[in-house]
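Here's the structure, in structure tokens; my notes come after.
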Amino acid sequence: MSLEDKSLILRAQAGDKRAFAELMRRYGERVMNQALRFTRNIKDAEDLYQETFLKVYRNLGGFRFESEFYTWVYRIMANIAFSQYRRRKRFSYLESEEDSTPWDRVTAQNGCPENPIKEEEGRRLKDAIYAALSKLSAQQRIVFIMKHYEGKKIREIAELLECSEGTVKRYLFRAVKKLQSLLKPYYEESLV
Amino acid sequence: MKCKKFKRGDLLLYYYGELNGVRRLRVEEHVKECAYCREFLKQQNAFGKLLDKDEVPQVSPLILERLNEQVIGRLTEEERDVPELKKGFLTKVIGILYYPMSKPVYAFSSLLVMFVVGLIIGKIWMGSAILNDPGLLASLIESRSEMSREERDYLKKLVAGYFLGSKELEVKGVKEVKAGDSGNGWIQVDFKINKEMNLTGGLDDPVILNVLRYSALYDRDPEKRVRAVRMLYLSKRFAENKEVFLAVLLNDKDPGPRVQALEAVTEFVGDEEVKEALKKVLLNDPDEKIRMQALDVLGKTGDRSLIPIFALVAYRDSSETLQMRAKEILAKLYDREKEKS
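If you read the protein sequences in the order shown, they are chains A and B.
Okay, so the first sequence: first residue is 1 according to our numbering, each after it adds one.
Okay, so the second sequence: first residue is 1001 according to our numbering, each after it adds one.
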């Protein structure tokens, strides 16, 4: 952690909201990327982003500089995602017709694609993956993302989500099984 | 055909690098020979590669800026709603109140503690209410059918003793159940504390004696006061009852109790306080018979120091009979003096 970050955290701990705003600017992109990974939906990601930073500010006094600041923020976000979305089972994407193509709102901010055909193929694949991921339960999805995309050890995931390693394995196996059954047509092409 | 040696889960753990040492080697050796497991891992790799094509889109900095502003706005709003000083205090109070409910076991314990505290407070309050409400106490004593006679009498004595000094207790009557002239008589006291009750006890019973003293001093009925003084006299406890006797003798407005008190102290005329009281009675009591009785008692002492008192009576008492009697006593005293000299 840089000295500048440390100074900002100390100032934010003393109630300086401008320092906290600067921290959000510095870590916001990583946090939002992670939120999108967990939720796969811009609306839910925005909610998760805000809830995470609100909780970070409220609990900032408890940060003792024993870990990286982002690791601490990540842990908070993972817990919010795991506990909040546990109740909802699925992220709100499937329930909202407005957000039926989750990437629209995000990519719309970045202008038009350069290669429309390639983009269309990629988009079709992403939507397929997205649709498959959206059919997982929240727990299965978060465990799968942590394991498959972030390469975390099962022990580490269990510790982060405050559950047993057996539970993590169970979620992971079910997630893989379900995703494989849904995406088989796409990856079987490459096997032929 | 499925592989019987390794389960799907084991192969997944191998794929995700969760197996170490011997377990990993076993899977690796097995995969070389098992076509099914080899195929499974091949598919797993293809699946992994497919997912690698997935990428998270970049969110516009504008969106992030808006979100950051909203977060700061919400934080500012929260702080405006709860000022800084109060926030700390409120947070603590809420924390304290919330703490017992944070876990079921704490919640259960809190309820148990509240129940026990409630019982204790209720008991103290009820006890206090009973002690301050003689009617309730009297009803309670009478209504408890499971109590033995001894227990009931004991409670009644306690009640009578407790309310003796207050205006709540009225002594309705004092009966001599068993006569005794050496302090071993047996008395029944009828009293009323909103509800009429009676209790029986010996003349050595402190509660009975207290009730009698109370009755002797404060009972409205002169006959009851007479009876109480007589009972106290029969208890043969002069030292303990002297003050009551003298108070009745000097202050009772009716002659009956005063006569009874005079009789009670007669044999203790040697006591200085009794002698002083008799002198006052002799000089001031409105009842001639009582003054006469006091004169006789004092006359029999042969005390020369009483000569001025006798002289006063002999020349100033309103009753000629008393004057005559006083002169006789004086004459006797002179005769006795002459004999001595």
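Every residue, glycine too, gets a C-beta built ideally from N, C-alpha and C.
Taking every protein chain shown into account, the CB of Asp1204 (chain B) has fewer than 16 other CB atoms within 10 angstroms, so this residue is exposed. Residues of the same chain with a CB within less than 8 Å of the CB of Leu54 (chain A), apart from the 5 flanking positions on each side, do not exist.
Contiguous alpha helix (DSSP H) elements confined to the stretch 1169-1225 of chain B occur at 1206-1218, taking only those with 4 or more residues. Selection A:Asp47, A:Tyr57, A:Glu68 and A:Ala21 evaluated against Asn33 (chain A) yields A:Asp47 as nearest (Cα-Cα). At a cut-off of 7 Å, the C-beta of Lys178 (chain A) has no neighbouring C-beta in chain B.
Within the same chain, Cβ atoms closer than 7 Å to the Cβ of Tyr1014 (chain B) are found at Arg1024 and Val1027, the five residues on either side in sequence being excluded. Within chain B, the C-beta atoms nearer than 7 Å to that of Phe53 (chain A) come from Val1071, in chain order. Per DSSP, Gly1270 (chain B) lies in no alpha helix (DSSP H) segment and is marked neither H nor E.
A direct Cα-Cα distance of roughly 34 Å separates Gln1044 (chain B) from Gly28 (chain A). Around the C-beta of Lys1123 (chain B), fewer than 16 other C-beta atoms lie within 10 Å, and the residue is accordingly described as exposed.
Think of a sphere of 7 Å around the beta carbon of Met24 (chain A): the chain B residues whose beta carbon falls inside it are Asn1068 and Val1071, in chain order.
Judged by DSSP in its simplified three-state form, Val1056 (chain B) adopts coil rather than helix or strand. Within chain B, not a single residue places a beta-carbon under 7 Å from that of Met77 (chain A); the smallest gap is close to 13 Å. Residue A:Glu159 holds the alpha-carbon nearest to the alpha-carbon of Asn79 (chain A) among A:Lys184, A:Glu159, A:Leu172 and A:Leu179. In this structure, Leu1199 (chain B) and Lys1156 (chain B) form a Cβ contact; the two beta carbons are roughly 4 Å apart against a cut-off of 8 Å. Of all C-beta pairs linking the stretch 1046-1065 of chain B to the stretch 3-23 of chain A, fewer than three are shorter than 8 Å, placing the two stretches out of contact. For secondary structure counted as the alpha helix (DSSP H) over 4 or more consecutive residues, the stretch 1236-1298 of chain B holds these complete runs in sequence order: 1238-1251, 1255-1266 and 1272-1284.
When 9 Å is used as the limit between beta carbons, Phe38 (chain A) is near no residue of chain B, the shortest such separation being about 10 Å. Three or more beta-carbon pairs separated by less than 8 Å are not found between the stretch 144-158 of chain A and the stretch 49-68 of chain A, which leaves the two stretches without contact. From the beta-carbon of Lys147 (chain A), the residues of chain B found nearer than 8 Å are Tyr1016. The C-beta of Leu1062 (chain B) has fewer than 16 other C-beta atoms within 10 Å across all chains shown, which makes the residue exposed. Closest option to Ile1187 (chain B), judged by alpha-carbon separation, among B:Asn1210, B:Glu1196 and B:Lys1332: B:Asn1210. In this structure, Ala1160 (chain B) sits away from Phe1115 (chain B), with a CB-CB distance that is not shorter than 7 Å.
By the CB criterion at 7 Å, Pro1308 (chain B) and Gly1256 (chain B) fall outside the cutoff.
Residue environment: Asp44 (chain A) is assigned as buried (16 or more neighbouring CB atoms within 10 Å of its CB, all protein chains considered). Using a C-beta cut-off of 8 Å, the stretch 1250-1265 of chain B makes no contact with the stretch 1304-1320 of chain B, since fewer than three inter-stretch Cβ pairs fall below that distance.
The beta-carbon of Asn33 (chain A) is placed less than 7 Å from the nearest beta-carbon of chain B.
DSSP places Asn59 (chain A) outside both helix and strand once states are collapsed to three, so it counts as coil.
Identification of chain B residues near Phe173 (chain A) by a Cβ-Cβ cut-off of 8 Å yields Arg1008, Gly1009 and Leu1012, ordered along the chain.
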